[in-house]
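First the structure, in the form of structure tokens, and then the observations on it.
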Amino acid sequence: MNTARSIERVIAPPPPHMVGDGFRVHNFFPSGAIQSKQRMSPFFMLDYASKFEFPPSEQPRGVDVHPHRGFETVTIAYHGKIAHHDSAGNKGVIEEGDVQWMTAASGVLHKEYHEASFSKKGGPFQMVQLWVNLPAAYKMTTPRYQELKKEAMGHLKFEGGVLEIIAGEVNQIKGPAKTFTPVHLSNLHLHKEGSFTLHFPSHYNTGLLVVKGSVQINDTSASTNHFVLLANDGEDININSSEESTILILAGEPIHEPLVAYGPFLMNTWEEIDQAISDFNLGKFGVLD
Ligand code: MN
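Residue 1 is where the sequence shown starts when you use our numbering, and the numbers rise one by one after that.
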């Protein structure tokens with residue numbers, strides 16, 4: 001018999017900071033509101049760019065070339081468009097509803113910018129960047145790139161709305177993303193007074209980000225831009241909306257390994273961090289203009 005999870009915290013968005021000049025983000029973890037590197041494992045970082053109006057700019061705003069090693073970056077666009085290039089030769093535009101799942105693994109260089117035509121026009125921009133840790137066995141595997149278009153998501157339709165599954169499986173409907181450990185990621189779209197119940201094993205670390213609208217989660221209220229951290233004491237999560245709402249759902253099996261984070265590198269030991277810095281300085285992450 002399943003039990004309802006209790007709500008550990010409802011977290012208001014921490015003050016935003018700029019990543020490069022294009023991403024105005026609230027960090028919910030691991031340095032903002034939840035100051036723990038392991039509490040949301042396998043998710044290491046959640047940067048949330050709440051809806052913000054960017055004025056037109058001829059020069060696209062963003063983050064210039066930088067490396068990553070040891071994990072995956074997942075970018076989810078809600079408003080605006082993001083252009084991406086990496087040293088493995090991948091490039092693309094992440095449009096509204098799309099997700100880019102980049103496995104940095106052994107190492108890539110990449111850059112992330114507002115897409116040129118969006119930049120010229122300006123307008124509302126809203127996105128999420130999530131860092132998903134990799135277990136030691138996969139940290140040095142070959143980089144991989146998954147461009148997941150909105151249409152490719154698993155769609156679970158029900159009376160009160162639709163669950164757009166990015167990764168994982170609910171009621172035999174699968175998300176398109178390939179993952180290295182059990183990860184569930186989805187966007188729940190609820191109509192006014194819509195309702196849906198999700199079930200995850202209680203040891204899965206689970207959190208919800210209210211991207212739009214206002215909901216009750218197991219009877220606790222949460223409004224736009226708030227993150228809800230669920231306790232590991234039950235399986236069931238019931239979500240009710242008081243208005244048209246969108247909720248990003250994160251759940252995953254924790255990776256029980258030592259974790260050393262240094263800037264854009266996420267490894268198991270300091271020796272591996274030193275190696276990453278040395279490999280980066282030697283140009284082993286490839287080339288990207
Ligand atoms: Mn990056």
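From the three backbone atoms N, C-alpha and C, an ideal C-beta is built for every residue, glycine too. These numbers come from a predicted model, not from an experiment.
Nearest-angstrom Cα separation, counted from Ser241 out to Gly194:
Walking along the sequence shown from the start, residue 194 turns up at place 194. Walking along the sequence shown from the start, residue 241 turns up at place 241. Cα-Cα distance, rounded: 6 Å.
Using only alpha-carbon positions, find the residue among Tyr78, Asn171, His256 that is nearest to Leu134.
The residue labelled residue 134 in the question sits at position 134 within the sequence shown. In this structure, His256 is the residue among Tyr78, Asn171, His256 with its C-alpha nearest to the C-alpha of Leu134.
Rounded separation between Ala152 and Glu164 - CA only
Position 152 of the sequence shown holds residue 152. Position 164 of the sequence shown holds residue 164. Taking the straight line joining both Cα atoms gives about 9 Å.
Is Thr73 near the ligand MN - that is, is its Cβ less than 7 Å away from at least one heavy atom of it?
On the sequence shown, position 73 is the one that residue 73 refers to. Taking 7 Å as the cut-off, one finds at least one heavy atom of the ligand MN near enough to the beta carbon of Thr73.
In the DSSP assignment, find the unbroken alpha helix (DSSP H) run with Ala167 in it and report its ends.
If you number the sequence shown from 1, residue 167 lands on position 167. Looking at the DSSP string, Ala167 is not in any alpha helix (DSSP H); the run it does join, the beta strand (DSSP E), is 161 to 167.
Could you please give the first and the last residue of the uninterrupted beta strand (DSSP E) stretch that includes Asp47?
The residue given as residue 47 occupies position 47 in the sequence shown. Unbroken beta strand (DSSP E) run through Asp47: 43 to 54.
Rounding to the nearest angstrom, what Cα-Cα distance links Glu243 and Gln35 in this structure?
In the sequence shown, the residue the question calls residue 243 occupies position 243. In the sequence shown, the residue the question calls residue 35 occupies position 35. About 31 Å.
Return helix, strand or coil for Ile173, following the three-state DSSP convention.
Reading the sequence shown from its first residue, position 173 is the one you call residue 173. DSSP, reduced to helix, strand and coil, places Ile173 within a strand of the structure shown.
Three or more C-beta pairs under 8 Å: does that hold for the segment 71 to 84 against the segment 94 to 111?
Segments in contact, yes.
Exposed unless 16 or more other CB atoms sit within 10 angstroms - verdict on Glu96:
To locate residue 96, count along the sequence shown from 1; it is residue 96. With fewer than 16 Cβ atoms within 10 Å of its Cβ, Glu96 is classed as exposed.
Buried or exposed, going by whether 16 or more other CB atoms sit within 10 Å of the CB of Gly161?
For the purposes of this step, residue 161 is taken as residue 161 along the sequence shown, with counting starting at 1. Burial state of Gly161 is buried, judged by a 10 Å Cβ sphere holding 16 or more other Cβ atoms.
Closest by C-alpha distance to Lys111, when choosing among Gly175, Gly92, Glu53
Translated into positions along the sequence shown, residue 111 becomes position 111. It is Gly92 whose Cα lies nearest to the Cα of Lys111.
Mind reading off the beta-carbon distance from Glu235 to Arg5? Whole number of angstroms is fine, and I expect it under 8 Å.
Counting from 1 along the sequence shown, the entry for residue 235 is found at position 235. Counting from 1 along the sequence shown, the entry for residue 5 is found at position 5. Between Arg5 and Glu235 the Cβ distance is about 7 Å, and since that is below 8 Å, they are a contact.
Across which residues does DSSP place Asp64 in a beta bridge pair?
As a working note, residue 64 is residue 64 in the sequence shown. Paired residues: none, contrary to the question.
Whole angstroms are fine: how far does the CA of Tyr113 sit from the CA of Asp64?
For this step, residue 64 is matched to residue 64 along the sequence shown. For this step, residue 113 is matched to residue 113 along the sequence shown. As the crow flies, the alpha-carbon of Asp64 is around 8 Å from that of Tyr113.
Any idea which residues DSSP pairs Phe23 with across the strands?
In the sequence shown, counting from the first residue as 1, residue 23 sits at position 23. Phe23 pairs with Val19.
Between which two residues does the alpha helix (DSSP H) harbouring Ala137 extend?
For the purposes of this step, residue 137 is identified with residue 137 of the sequence shown, where counting begins at 1. Counting along the chain, Ala137 falls outside any alpha helix (DSSP H), and DSSP gives it neither H nor E.
Along the beta strand (DSSP E) that carries Asp289, what are the first and last residues, could you check?
Locating residue 289 in the sequence shown gives position 289, counting from the first residue. Taken as a continuous stretch (DSSP letters only), Asp289 belongs to no beta strand (DSSP E), as it is neither H nor E.
Cα separation between Pro201 and Phe28?
Within the sequence shown, numbered from 1, the residue matching residue 201 stands at position 201. Within the sequence shown, numbered from 1, the residue matching residue 28 stands at position 28. Approximately 23 Å, taken between the alpha carbons.
Is the beta carbon of Glu112 within less than 7 Å of some heavy atom of the ligand MN?
Walking along the sequence shown from the start, residue 112 turns up at place 112. Glu112 Cβ: within cutoff of the ligand MN.
Per DSSP, the bridge partner or partners of Ser214
As a first step, residue 214 is located in the sequence shown; it is residue number 214 there, counting from the start. Answer by DSSP bridge pairing, in chain order: Ser223.
What residues match up with Trp131 in a beta bridge as DSSP calls it?
Locating residue 131 in the sequence shown gives position 131, counting from the first residue. Met45, Thr73.
Counting pairs of beta carbons, one from the segment 173 to 188 and one from the segment 135 to 155, are three or more of them closer than 8 Å?
Segments in contact, yes.
Integer-rounded CB distance, given that Leu248 should sit under 8 Å from Val128:
As a working mapping, residue 128 is identified with position 128 in the sequence shown. As a working mapping, residue 248 is identified with position 248 in the sequence shown. The pair is a contact, with the Cβ atoms about 6 Å apart (cut-off 8 Å).
Around the C-beta of Trp290, are 16 or more other C-beta atoms found within 10 angstroms, so that it is buried, or is it exposed?
Missing from the structure shown is residue 290; the chain here goes from 1 to 289 and no further.
Using the rule of at least 16 other Cβ atoms within 10 Å of the residue's Cβ for burial, across every protein chain shown, is Ala41 buried or exposed?
Counting from 1 along the sequence shown, the entry for residue 41 is found at position 41. In the sequence as displayed, the identity of residue 41 is Ser instead of Ala. With 16 or more other Cβ atoms from the protein chains shown falling within 10 Å of its own Cβ, Ser41 counts as buried.
Taking the CB atoms as reference points, tell me whether Thr220 and Val10 lie closer together than 8 Å.
Counting from one through the sequence shown, the residue named residue 220 turns up at place 220. Counting from one through the sequence shown, the residue named residue 10 turns up at place 10. Yes, they are a contact pair.
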